[in-house]
Amino acid sequence: MKKLLLQSVTIIHPGSKHNGKKADVIISDGKIERIEAKIDPGEKSITVIDAKGKFLGPGFFDMNVNFGEPGLETKEDLNSGCEAAAAGGFTGVAVMPDTHPPIHSKAEVSYIVNKTKDNLVDVFPLGTISHKREGKDLAELYDMTLAGAIAFTDGNIPVSDSGLMSRALLYAKGFNGLIFSHAEDPSIAGKGKMNEGITSTYLGMIGIPALAEEVMVARDLYLAEYNDSPIHFSTISTLHSVD
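For the sequence shown, my numbering begins at 1378 and goes up steadily by one.
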């Protein structure tokens, strides 16, 4: 039985009586056995680690990661992305379909699932809403779900076609699928690079009006209500959108 003793580690666990406190923690076979202010190692079989300045808590989960694989491995592949996630304390990630080819069929979903099944970090593929992320035809949502996709999004490309978005919400509801909305109206956002305001004017950069986001949030909320479907907004940045 392998045991670790983390000394003076800061515990981050909201809702726990130990949250924010420094303590000694014994981990036995990957499970927390004891948490006390001070623990004497006692037996020699315990590996002692000075964890001062380190943090211990539940693993983080990132709902929006861009790993280059397949197609953009020169930027990052699944293995290097998972290594970076683990180093940052993330035990699970949802990978966006912004790849080449996009994750728009069960073949791409199965590839990611099989490539990462033995990884330390749990990897959950997000499939596209539209075929090839072109915003025209619905992708193979149900087939991708069977292959392991947990939700659907066209990544950083908004679904401008209201009819397509409505059909996606209605269809996904039939098998408890979830649609992610990238809330941005490209006809309003234009070629903006940052939020429109004093800072964008000062820097001489084209701003993106808050309206570009809020119009799309309003549209997708109406579509979700009409179809009685759940929806997740992955890019919210304005107070009006939240209200």
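By construction, the Cβ of each residue, glycine as well, lies at the ideal position given by its N, Cα and C atoms.
Three-state secondary structure (DSSP) at residue i?
i, result
"GLY1448", "coil"
"VAL1498", "coil"
"MET1440", "strand"
"ASN1572", "strand"
"ASP1427", "strand"
"GLY1540", "helix"
"SER1358", "No information on residue 1358 is available, as it lies outside the stretch 1378 to 1620 that the chain covers here."
"ALA1528", "strand"
"SER1618", "helix"
"SER1564", "helix"
Name the DSSP beta bridge partners of residue i, please?
i, result
"VAL1357", "Because residue 1357 is not part of the residues shown, which for the chain are 1378 to 1620, the question remains open."
"PHE1557", "HIS1609"
"ILE1388", "LEU1433"
Pull up the distance between the alpha-carbon of residue i and that of residue j, whole angstroms please.
i, j, result
"LEU1518", "ILE1608", "15 Å"
"GLY1448", "ALA1414", "50 Å"
"ILE1506", "VAL1536", "8 Å"
"ASP1406", "LYS1509", "44 Å"
"THR1576", "TYR1548", "42 Å"
"ILE1527", "GLY1419", "46 Å"
"GLY1581", "SER1611", "28 Å"
Shortest alpha-carbon distance to residue i belongs to which of the options?
i, options, result
"LYS1568", "PHE1557, TYR1579, ILE1583 and ASP1562", "ILE1583"
"LYS1380", "GLU1410, ASN1396 and THR1576", "GLU1410"
"ALA1524", "SER1487, MET1571 and TYR1599", "SER1487"
Does residue i have its Cβ less than 9 Å from a Cβ in chain C?
i, result
"ILE1403", "Reference to chain C is not applicable here, since this structure consists of a single protein chain."
Alpha helix (DSSP H) runs contained entirely in the region 1448 to 1488, provided each spans 4 or more residues: 1455 to 1464, all fully within the region 1448 to 1488.
Contained alpha helix (DSSP H) runs [length at least 4] in the region 1569 to 1608, N- to C-terminal order: Complete alpha helix (DSSP H) runs here, min 4: 1575 to 1580 and 1587 to 1604.
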